[in-house]
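In full-length UniProt numbering, the protein residues as written are 1 to 178. Note that the Cβ used here is the ideal one computed from N, Cα and C, for glycine as well. Written below as structure tokens is the structure these notes are about.
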Amino acid sequence: MSRRVVIRAPVAGDEAEFLAACQRSRKLHSPWVSTVKTPAEFRAWLGRMVAPANYPFLICRADTGEIVGVVNVSNIVRGLFHSAYLGYYVFAGHEGQGLMREGLQAVMRHAFKTLKLHRLEANIQPGNKASLRLVMACGFAREGYSPRYLKIGGRWRDHERWAILADAKASTKVRVPK
């Protein structure tokens, strides 16, 4: 278990820090993800990300509590599937330190052990090398390619489909894009 980060659910009191982190991270996030910009958008995000279909997590530094990034476990389907989608982003100043890897791994443990999910899927734009490195480092396998899959920043964008199963073993021989 990581000693550098903790995961927790967001609360209304996170609004100011969250919005400030999103604002300073605009350049880092573009064109990969659109984050919240206003207090109303933050409240709407909190309102959408509710159990049992969605679980939002803040990745926070264990020493200071500062928000490092976000991982959303969303669109959970039960029944025969027990699967969910992942959406995530790091905030500027915390990238490249392995904090999101530790946070994502903690969320994966929670999703598989506590939420009893069987499968997690992440859809990533092919040019987002940092995100591809992250899922590879966490043991995800590439399953396919989805043209014009998600509309981000007003454009339909192609995505690679990556997934991991609860019983998957992370590969030690992963080819990471440069």
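Taking 9 Å as the cut-off, decide whether the C-beta atoms of residue i and residue j are in contact.
{"i": "A84", "j": "A106", "result": "no"}
{"i": "A122", "j": "L150", "result": "no"}
{"i": "H29", "j": "V68", "result": "no"}
Thinking C-alpha only, which one of the options is nearest residue i?
{"i": "L80", "options": "K116, H94, I124", "result": "K116"}
{"i": "T144", "options": "R133, R161, R157, S131", "result": "According to the sequence shown, residue 144 is Gly rather than Thr. Taking only the C-alpha atoms, the option nearest G144 is R161."}
{"i": "A53", "options": "S74, R3, R43", "result": "S74"}
{"i": "A166", "options": "L86, L120, A16, D63", "result": "L120"}
{"i": "G153", "options": "A137, V135, R26, G96", "result": "R26"}
{"i": "H118", "options": "R101, I76, L134, F91", "result": "I76"}
{"i": "R24", "options": "C60, Y55, V90", "result": "V90"}
Would you give the residue range spanned by the alpha helix (DSSP H) that residue i belongs to?
{"i": "L29", "result": "According to the sequence shown, residue 29 is His rather than Leu. Where H29 is concerned, the enclosing alpha helix (DSSP H) stretches over 26 to 29."}
{"i": "S34", "result": "No alpha helix (DSSP H) holds S34; DSSP gives it neither H nor E."}
{"i": "L104", "result": "99 to 109"}
{"i": "R133", "result": "129 to 137"}
With respect to the beta strand (DSSP E) encompassing residue i, which residues constitute its N-terminal and C-terminal limits?
{"i": "S83", "result": "83 to 90"}
{"i": "residue 214", "result": "The requested residue 214 does not occur in the structure, where the chain is confined to residues 1 to 178."}
{"i": "N75", "result": "67 to 77"}
{"i": "P52", "result": "P52 -> no beta strand (DSSP E), and no H or E assigned at all."}
{"i": "E95", "result": "Here E95 belongs to no beta strand (DSSP E), and DSSP marks it neither H nor E."}
By the three-class DSSP mapping on this structure, what secondary structure does residue i have?
{"i": "K173", "result": "Here the model assigns K173 a pLDDT of 38, short of 50, so the residue's position is not dependable and the matter cannot be decided."}
{"i": "D158", "result": "strand"}
{"i": "G13", "result": "helix"}
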